[in-house]
Amino acid sequence: MAGILPVLKRVGREPEELMRLEAERLPYDDEVTGEELREAVKAYTEMATGKVKPLTVEELRKLLEEGD
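For the record, in the sequence shown the residue sitting at position 62 is 314 according to the working numbering, with numbers rising by one throughout.
Now the structure itself:
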C-alpha cells in the first residue's frame, strides 16, 4: 500500500500542473504555422553556421525607423 500512495499523490497533482502550464503558455503558440516554424529554424541555422550575420542594434534600429 505504501508504494501506491506516491502514485496517487502524483495523479492528483497532474491536472493542476497541466492547468498551470496552460495558463503560462504564450498566447500566440497556437498561431504559429509549420511554414513559419521552418523559416525560423532556417534563419537560426544560417546565423548559427555563419552564413548570415545577425543585425547589430544600430542596423535594427535603422530598419525599424524606416518602417514607420
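All residues carry an ideal CB built from backbone N, CA and C; glycine is no exception. Here the structure is a predicted model, which is why all the values come from computation and not from measurement.
To the nearest angstrom, report how far apart residue i and residue j are at their CA atoms.
{"i": "V309", "j": "A300", "result": "18 Å"}
{"i": "R272", "j": "A295", "result": "32 Å"}
{"i": "E288", "j": "E276", "result": "22 Å"}
{"i": "L312", "j": "G286", "result": "26 Å"}
{"i": "T297", "j": "E317", "result": "27 Å"}
{"i": "K314", "j": "L270", "result": "42 Å"}
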